[in-house]
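Numbering (this note's numbering), first residue to last: -2 to 452.
In what follows, a structure is listed as structure tokens, so that the remarks can point back to it.
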């Protein structure tokens, strides 16, 4: 089975074939670094990181870029509030982003371009758009003339009135058309800015991604991915300015969009304030459980985020790591089963992969022969590897930092129970078991000693 991906541009699941069979290209929209990101911002990096690994296994390599937006009005506001250069804000939160993504098991992309390091490329692209009649300068601004691109709206498939309403644009007097969007804007002395043919200024948000994608991946890329909330206007505008700057060449052959996270029934959003920051979550919960939760729904569907989802993910991983702990004396290198690869080839069907992992683990718990145990452990480790799961030792998982103090208390009670049983104080032994059961801690007496897990 070949890799098949849903293309938001055609609204179809299509067989994927890269332009270069030896190295597909993929660009994923990264964060604007003015604060800690929320957990919804991590869904794309987790899922498209899995896709990058799939591409490496299928084609031998991938050229994967995920940008950093480090010049933006929100960054400017944060820097002004503290009275510091924007780099103080962006350096801090870009580092925090990398740390938090790493905690979730997200491998760094091959390329991480930053907008402020691509000002010459941005200016050059804007100059090309002006020369070709697709952009115009007005009062220190440069704007893209939407009416010059017949394909505007082909990604989001909105009619012009809907697009204008959704763009949330300020209808400034220097615009020829209300839907025209900013490529370059002037900067006052108190704002960051760079010299340009149109005066000192800074780039608009949309042009940054187009210029960085061109600089590192070429004029036509295989996959462009990001959250569905970016489909319009950001990705629509990227298509317009890129295809016009490249003489009509296709900008991205596949567009992939992940669904949003909902919290308490509403889309998670910084502007609304209903967010949970990754920086806080990875310190309060096992990060691998957060990763599992983000993979639990198909990437194109919305995901309801809750404490219950996290707790269920912890319990599931307890069972899986418990299975691996029971197989600790079996040597088996990770082997990704064909069924796992087939599920990933089916438009990155991570829920099916998780179901297969559960089945393999169940079979492993019932296996009796050493050969079956070895095969199933290899498959379980390989299936986990495909999603970036189950790569810790069971001991490391069960000794996870967020609950170390409580784990020590539980272990102390278990040790006390063992002493009570040895002294034939069965009343005390049973009382400890009942106390732990009431706390949701289940005990299992084995020839190797007492094992425990949270229910």
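Beta carbons are placed, not taken as given, at the ideal position from N, Cα and C, and that holds for glycine.
In this text the structure is predicted, and so the values were computed from the model without any measurement.
Could you compute how far the alpha carbon of residue 84 sits from the alpha carbon of residue 112? 12 Å
Quick check: residue 383 and residue 410, are their CB atoms within less than 9 Å of each other? no
Residues sharing a beta bridge with residue 450, DSSP: 439
In DSSP terms, what residue 195 is bridged to: Answer by DSSP bridge pairing: none, since residue 195 is not bridged.
Hey, how far is the Cα of residue 32 from the Cα of residue 38? 12 Å
Are the beta-carbon atoms belonging to residue 240 and residue 248 less than 9 Å from one another? yes
Going by DSSP, what residues sit across from residue 321 in a beta bridge? Answer by DSSP bridge pairing: none, since residue 321 is not bridged.
Measuring alpha carbon to alpha carbon, tell me which of 273, 185, 136, 281 ends up nearest residue 172. 136
With burial defined as no fewer than 16 other Cβ atoms inside 10 Å of the residue's Cβ, what is the status of residue 5: buried or exposed? buried
Buried or exposed for residue 9, going by 16 or more other Cβ atoms inside 10 Å? Residue 9 is exposed by the Cβ-count criterion.
Does DSSP put residue 217 in a helix, in a strand, or in coil? coil
Inter-residue Cα distance where the pair is residue 417 and residue 425: 6 Å
For residue 441, count neighbouring C-beta atoms within 10 Å of its own C-beta (all shown protein chains included) and say buried if the count is 16 or more, exposed if not. exposed
I believe residue 36 touches residue 273 by the beta-carbon criterion, under 8 Å. Please report the beta-carbon distance rounded to the nearest angstrom. 5 Å
Quick check on residue 443: buried or exposed, where buried means 16 or more other Cβ atoms within 10 Å of its Cβ? exposed
Please tell me whether residue 101 and residue 287 are closer than 9 Å, where the distance is taken between their beta carbons. Yes, they are a contact pair.
Would the beta-carbon of residue 317 fall within 9 Å of that of residue 290? no
Exposed or buried, residue 363, counting other C-beta atoms within 10 Å across all chains shown (16 or more means buried)? exposed
What is the rounded straight-line gap between the Cα of residue 432 and the Cα of residue 390? If you take the alpha carbons of residue 432 and residue 390, they lie about 28 Å apart.
Nearest-angstrom Cα distance between residue 186 and residue 73? 12 Å
Excluding the five sequence neighbours on either side, which residues of its own chain have a C-beta within less than 8 Å of the C-beta of residue 430, listed in chain order? 414, 440
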